[in-house]
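Numbering (my numbering), first residue to last: 544 to 625.
Even glycine gets a Cβ: it sits at the ideal position worked out from N, Cα and C.
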Amino acid sequence: MTASPNITPRLVSVRDAAAYFGLPMTQFQRLRVGRVSFGPKVLYDMRALDAHLDALSGLASPSLTKADNDAEAALERFAASR
544 MTASPNITPR LVSVRDAAAY FGLPMTQFQR LRVGRVSFGP KVLYDMRALD AHLDALSGLA
604 SPSLTKADND AEAALERFAA SR
């Protein structure tokens, strides 16, 4: 399934995530940052990647709303149940 041209995917492939970080795929995979498993399929969460880069560079990440926090918690619970 491909994304609609008007929608930016939140979850990306390891190839895209590694390119976003500017790292070879094998080196990026060792970081295990933003990894979300759906059975055998593994994707990477762009928000988690950005948060990790923000923390590494010392940038303050924008504060999340309660809805954002609830959505993040729900995604983490879902990923943990798989």
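- Query: Helix, strand or coil: how does DSSP classify L586 here?
  - Reply: It is a strand residue.
- Message: With three or more C-beta pairs closer than 8 angstroms as the rule, is the stretch 554 to 565 touching the stretch 575 to 588?
- Response: yes
- Task: Could you tell me which of A591, Q572, F571, L599 sits nearest to A616, measuring between CA atoms?
- Result: A591
- Message: Only counting the same chain, and skipping five residues up and downstream in sequence, which positions put a Cβ closer than 8 angstroms to that of P571?
- Response: Reading the sequence as shown, one finds Phe at residue 571 and not Pro. These residues qualify, in order along the chain: V557, A560, A561, F564.
- With DSSP collapsed to three states, give me the class of R578. strand
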